[in-house]
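So the structure is just underneath, and the comments pick up after that.
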Amino acid sequence: MGTRTVVDVWLADLTFPDYMAPLLRLGEEFERRHPEYEIKIQSSNFRRMPQEIHEAALGGRRPAIAEYYYTATQIARDAVDQAGAPLFTPVERAVAGRTEILGEPVVTGDVIRPLREFYSHDGVLVSMPTVGTTSLLYTNKSVLDAAGVRGIPRTWAELEAACAAVGRLPGGPSHGVTWANHGIFFQQALGTQGAPMVEPDNGRTTRGTRISLAGKEMLTWVEWWRRLHAEGTYLYTGAVNDWLGTFQRFIGGQTAFRFSSCTDVRYTVAAAKDAGFDLVVSRLPYNEQVPFAGNVVAGTSLWLGAGLDPVVEEGALAFLQFVNNPRNAAEWHKISSFIPVTNAAIARLEDEGYFAEHPYHRVAPDQLHAGDGSLAASGPLMGDYGGIHDVLTTAMDDVLARGADPAERFRRAEAEAQEKLDAYNRDVAAGGPRGPHCFTVD
2 MGTRTVVDVW LADLTFPDYM APLLRLGEEF ERRHPEYEIK IQSSNFRRMP QEIHEAALGG
62 RRPAIAEYYY TATQIARDAV DQAGAPLFTP VERAVAGRTE ILGEPVVTGD VIRPLREFYS
122 HDGVLVSMPT VGTTSLLYTN KSVLDAAGVR GIPRTWAELE AACAAVGRLP GGPSHGVTWA
182 NHGIFFQQAL GTQGAPMVEP DNGRTTRGTR ISLAGKEMLT WVEWWRRLHA EGTYLYTGAV
242 NDWLGTFQRF IGGQTAFRFS SCTDVRYTVA AAKDAGFDLV VSRLPYNEQV PFAGNVVAGT
302 SLWLGAGLDP VVEEGALAFL QFVNNPRNAA EWHKISSFIP VTNAAIARLE DEGYFAEHPY
362 HRVAPDQLHA GDGSLAASGP LMGDYGGIHD VLTTAMDDVL ARGADPAERF RRAEAEAQEK
422 LDAYNRDVAA GGPRGPHCFT VD
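Numbering (the numbering used here), first residue to last: 2 to 443.
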């Protein structure tokens with residue numbers, strides 16, 4: 002066999018146990034199907050990936066495919082090479098209307114609507130989603146039954162009522178509900194209420210320049226959260242971004258409910274079974290006082306390098322299609338609990354009877370498809386996304402742990418976040434993201 006064409010693929014390791022193994026196997030399988038190509042995969046922690054790609058580009062190196070976490074989407078859009086040219090090119094534009102590439106059926110046109118909306122610009126799919134997630138409600142149904150609660154809460158008011166009933170249960174949980182103090186829940190609160198986090202247009206029609214963290218919808222969420230905490234309904238572990246702590250409290254019976262990512266479905270189902278209680282997974286509760294707009298997505302996507310050798314580009318594009326063909330996308334969902342990224346993958350799982358056997362796994366895609374497709378529900382795009390998340394969680398920690406006034410504290414948070422966004426946008430205007438503050442990922 003002659004010299005193979007190397008396709009450098011840099012993947013973001015989300016650090017779950019054995020996370021990279023299925024992706025490495027896909028690379029090996031693609032090579033067997035296309036022996037003229039070598040898929041050279043290297044991985045890095047998803048938080049470090051944007052800066053590592055930036056440093057490589059400054060040194061004249063670039064991957065053919067690079068994976069970015071969703072909060073780094075603006076960083077990828079702004080990434081440039083040594084000459085100041087864009088580091089990536091829109092995937093859909095490179096596909097150029099073809100139905101197959103190197104014999105691999107094109108799937109970019111079949112990406113589910115919520116993911117397509119997040120990763121598109123001017124109607125063109127810019128990057129290929131690989132991991133799709135959203136936030137769900139996990140319920141200890143055994144506790145609800147004992148408390149006489151009929152039905153799973155769908156709204157904030159219904160959740161409060163259910164928690165009140167649980168609170169009257171002799172020997173029941175010490176608190177009603179828990180969730181991590183993490184930036185995604187601020188996004189969900191704004192998205193479901195139809196409010197943008199950044200203007201104009203949530204950063205989706207043009208670059209976001211004005212942060213909105215102290216508006217009516219944000220303060221409605223923060224005040225509600227603070228009140229639940231003050232009343233003893235919400236359990237705060239006292240630590241920011243404490244996913245593990247909230248999981249342990251829920252499984253340990255200290256709460257009846259938990260908000261968390263759909264990535265926890267598989268783990269939580271197993272843990273609930275071991276703990277001896279019935280589990281229900283359902284849509285994240287929303288504010289019933291305003292029209293429901295939609296839940297935002299999280300996850301990762303694959304970006305195609307610009308200016309690649311044509312043979313390398315063909316191999317890279319073919320690999321992007323292969324990774325997300327219906328079989329592979331469906332298997333990735335079974336392994337990970339991530340949302341199937343294409344309609345064909347969802348249909349395949351339906352036809353196999355997988356969702357009938359595992360109904361928990363159907364909740365996340367159904368929740369996303371219930372959204373109205375608005376710019377608010379699509380989620381924000383902005384620079385220093387991770388830094389702005391840190392501002393939000395620090396402010397909320399001050400409210401919960403130190404009794405800070407929500408309105409005053411979030412006005413300060415808005416000013417702090419605006420400084421971060423301004424600094425990022427100044428760097429981009431001066432030639433692209435470059436300072437460490439530009440590469441914060443959360």
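From the three backbone atoms N, C-alpha and C, an ideal C-beta is built for every residue, glycine too.
By DSSP, does residue i sit in helix, in strand, or in coil?
i      : result
ARG169 : coil
LEU27  : helix
TYR71  : helix
GLN368 : helix
ALA65  : coil
PHE454 : Here the chain comprises residues numbered 2 to 443, so residue 454 is not present and cannot be evaluated.
SER337 : helix
LEU376 : coil
HIS55  : helix
LEU382 : coil
GLU232 : coil
ARG412 : helix
VAL96  : helix
HIS438 : helix
VAL313 : helix
Suppose contacts are defined by Cβ-Cβ distances below 7 Å. Is residue i in contact with residue j by that definition?
i      : j      : result
THR1   : GLU289 : This structure cannot settle anything about residue 1, because the visible part of the chain is limited to 2 through 443.
PHE251 : PHE31  : no
VAL199 : GLY184 : no
PRO381 : ASN203 : yes
ARG99  : VAL107 : yes
ALA22  : TYR70  : no
TYR38  : ARG5   : yes
ALA181 : THR247 : yes
VAL8   : GLY316 : yes
ALA299 : THR74  : no
LEU138 : ALA418 : no
ASP79  : VAL429 : yes
THR238 : GLU68  : no
ALA294 : ALA365 : no
ALA58  : LEU309 : no
VAL342 : VAL112 : yes
DSSP beta-bridge partners for residue i?
i      : result
TYR38  : THR6
TYR287 : THR156
HIS105 : First, the amino acid is wrong: residue 105 is Glu here, not His. DSSP output for GLU105 lists ILE102 as bridge partner(s).
MET129 : LEU303
SER45  : ALA13
THR343 : VAL112
LEU280 : ASN141
GLU200 : ARG211
VAL241 : ASN182
SER121 : LEU126
What is the residue span of the beta strand (DSSP E) that residue i lies within?
i      : result
ARG259 : 258-262
TYR139 : 136-141
THR179 : 178-180
So the candidates are the options; which of them puts its Cα closest to the Cα of residue i?
i      : options                        : result
GLN368 : LYS41, PHE320, LEU422, ARG284  : ARG284
PRO51  : ILE76, PHE31, VAL81, ILE40     : ILE76
ALA190 : GLY204, GLY168, PHE320, THR221 : THR221
ALA86  : PHE440, HIS438, THR134, ALA431 : ALA431
PHE339 : VAL132, LYS41, ARG259, ASN325  : VAL132
ARG48  : GLU218, LEU15, LYS41           : LEU15
ARG94  : GLY306, GLY254, PRO437         : GLY306
GLN255 : LYS274, ARG328, VAL144         : VAL144
CYS164 : ILE336, LEU321, THR234         : THR234
ALA273 : VAL291, ILE153, GLN249         : GLN249
THR394 : VAL241, THR264, VAL112         : VAL241
GLN83  : ALA405, GLU56, GLU101          : GLU56
GLY3   : ASP19, ARG26, GLY28, PRO36     : PRO36
Tell me which residue opens and which closes the alpha helix (DSSP H) that residue i is part of.
i      : result
VAL400 : 386-403
GLN83  : That residue, GLN83, is in no alpha helix (DSSP H); it is neither H nor E in DSSP.
TYR361 : From DSSP, TYR361 is part of no alpha helix (DSSP H); its letter is neither H nor E.
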